[in-house]
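The sequence shown begins at 1498 in the working numbering and counts up by one.
Encoded as structure tokens, the structure appears first; notes follow it.
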Amino acid sequence: MRVRKNGKMGTALPYLIAAVVAGLFFPGDPAFAETSQKPDAENAGLLSQVLGHMEQAGKNLVDLKANFQQTKVFTLFEDKTESGGKLTYKRPGKILWEFEEPNPSKLVINKEIAWLYLPKIKQVQKVNLKDKAQTESLLIGFGTSAAEIQDSYEVNLVGADKVDQKEAYILELIPKKELSSYFSKILLWIDQEKWIPTKTELVESSGDTTTIEFTAIQLNTHIPDDLFNFKIPNGAEVIDYSK
């Protein structure tokens, strides 16, 4: 194992971290079914109810695992990339992203440290998240309180749709603070039974979009803590950006 220290993050990990901080690697079709025209007061009341349900679901959330399909659309080049894999999450602050295709990779976040493993080039990147964001807020909508969401975003209820044949409300989040340099807005499809995101779309200022759709979601299955203890593979080069 070789360890190389570097004061600047490489190109791969920062994008992954930024996407996770904002609410997850998600892409999808920007089109959605709009809500019927309701008075502002009624729409505000419904938004308050949705956020309340999300907050209660968050209080009950201990851990989560799901499959995901991610799509990145590049507006300028009229191109897109697709990937998929598994997400495992346990509170507080433990996240495992396993990209299975087309390019296998693994992102492990355990509290303040993130590890990205790229097996094709046998490289590990390590980043300290202490100054990036509170790790409990990395997956917005998964256990995030209504107050935390509204503190960081302007939140609007903009529509309703179906994801995997299940009814969902669509929330539009406009970043208020530092995340506005990454994204112009974030769309969350909130399942009307589980009250967590089943789809997320990140819209960058360039117009590029990243969407993730979650399927086969399982909640509170007693995921062991040691699943999030990253072990450096034999022979891997380690680039340490955490110093």
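Think of the CB as a built atom: it goes at the ideal place given N, C-alpha and C, for glycine as much as any other residue.
Since we're looking at a predicted model, the values are computed, not measured.
Inset, instruction - Assuming Lys1583 contacts Asn1564 (C-beta within less than 8 angstroms), just tell me the rounded distance between them. - result: Residue mapping note: residue 1583 aligns to position 86 of the sequence shown, counting from 1. Residue mapping note: residue 1564 aligns to position 67 of the sequence shown, counting from 1. Contact flag correct, Cβ pair sits at about 6 angstroms.
Inset, instruction - Under 7 angstroms Cβ to Cβ from Lys1659, same chain only, skipping five residues before and after it: list those, please. - result: For the purposes of this step, residue 1659 is taken as the residue at position 162 of the sequence shown. Ala1665, listed in sequence order.
Inset, instruction - Classify Val1559 as helix, strand or coil using the three-state DSSP reduction. - result: Along the sequence shown, read from residue 1 onward, the residue named residue 1559 stands at position 62. The answer is coil: DSSP assigns Val1559 none of H, G, I, E or B.
Inset, instruction - Determine the burial state of Pro1527: buried for a count of at least 16 other Cβ atoms within 10 Å of its Cβ, exposed for fewer. - result: By 1-based counting over the sequence shown, the position of residue 1527 is 30. Interpretation of Pro1527 is limited by its pLDDT of 33, a score under 50 that renders its predicted location unreliable; the figure taken from the coordinates is listed afterwards. It is exposed - the Cβ of Pro1527 has fewer than 16 other Cβ atoms within 10 Å.
Inset, instruction - List the endpoints of the continuous beta strand (DSSP E) containing Glu1597. - result: On the sequence shown, residue 1597 is found 100 positions in, with the first residue counted as 1. Here the beta strand (DSSP E) through Glu1597 covers 1591-1598.
Inset, instruction - With DSSP as the reference, please indicate the residues paired to Leu1613 in a beta bridge. - result: For the purposes of this step, residue 1613 is taken as the residue at position 116 of the sequence shown. Leu1604, Gln1622.
Legend entry - Reference Val1559, options Leu1724, Leu1543, Lys1587, Val1547, closest by Cα: Within the sequence shown, numbered from 1, the residue matching residue 1559 stands at position 62. Among Leu1724, Leu1543, Lys1587, Val1547, the Cα nearest to that of Val1559 belongs to Lys1587.
Inset, instruction - Return the chain-ordered list of same chain residues with a C-beta closer than 8 angstroms to the C-beta of Gln1647, the five sequence neighbours on each side being excluded. - result: Here residue 1647 corresponds to residue number 150 of the sequence shown, with the count starting at 1. Excluding residues within five positions, the ones whose Cβ falls inside 8 angstroms are Leu1548.
Legend entry - At least 3 beta-carbon pairs within less than 8 angstroms: the region 1565-1579 vs the region 1716-1724: These segments do not touch.
Inset, instruction - Measure the beta-carbon distance from Thr1695 to Asp1688 and round it to whole angstroms, keeping in mind my assumption that it falls under 8 angstroms. - result: For this step, residue 1695 is matched to residue 198 along the sequence shown. For this step, residue 1688 is matched to residue 191 along the sequence shown. Contact between Thr1695 and Asp1688 holds: CB atoms are separated by about 5 angstroms, below the 8 angstroms threshold.
Inset, instruction - Leaving aside the five residues before and after Tyr1512 along the sequence, list all residues of the same chain whose C-beta is less than 7 angstroms from its C-beta, in chain order. - result: Along the sequence shown, read from residue 1 onward, the residue named residue 1512 stands at position 15. Unreliable positioning characterises Tyr1512 in this predicted model, as indicated by a pLDDT of 46, which lies under 50. The coordinate reading is nonetheless provided below. Result list for Tyr1512: empty, nothing under 7 angstroms.
Legend entry - Range of the contiguous beta strand (DSSP E) that encloses Ser1649: Position 152 of the sequence shown, counted from the first residue, corresponds to residue 1649. First-last for Ser1649: 1643-1649, but that is the alpha helix (DSSP H), not the beta strand (DSSP E).
Inset, instruction - Note down, in chain order, each residue of its chain lying with its Cβ closer than 6 angstroms to the Cβ of Tyr1614, except the 5 sequence neighbours on either side. - result: Along the sequence shown, one-based indexing puts residue 1614 at 117. Lys1603, Val1621, listed in sequence order.
Inset, instruction - Look at the Cβ atom of Val1570, then the Cβ atom of Asp1722, and state whether they are nearer than 8 angstroms. - result: If you number the sequence shown from 1, residue 1570 lands on position 73. If you number the sequence shown from 1, residue 1722 lands on position 225. No, these two residues do not count as a Cβ contact at 8 angstroms.
Inset, instruction - Indicate whether Lys1682 and Ile1667 have their beta-carbon atoms separated by less than 8 angstroms. - result: Taking the first residue of the sequence shown as position 1, residue 1682 is located at position 185. Taking the first residue of the sequence shown as position 1, residue 1667 is located at position 170. No, Cβ-Cβ distance for Lys1682 and Ile1667 is not below 8 angstroms.
Inset, instruction - Helix, strand or coil for Ala1541, going by three-state DSSP, please let me know. - result: Residue numbering aside, residue 1541 sits at position 44 when the sequence shown is read from its first letter. Three-state result, Ala1541: helix.
Legend entry - As assigned by DSSP and simplified to three states, the class of Asp1705: Taking the sequence shown and counting its residues from 1, one reaches residue 1705 at position 208. In this structure, Asp1705 counts as coil in the three-state DSSP scheme.
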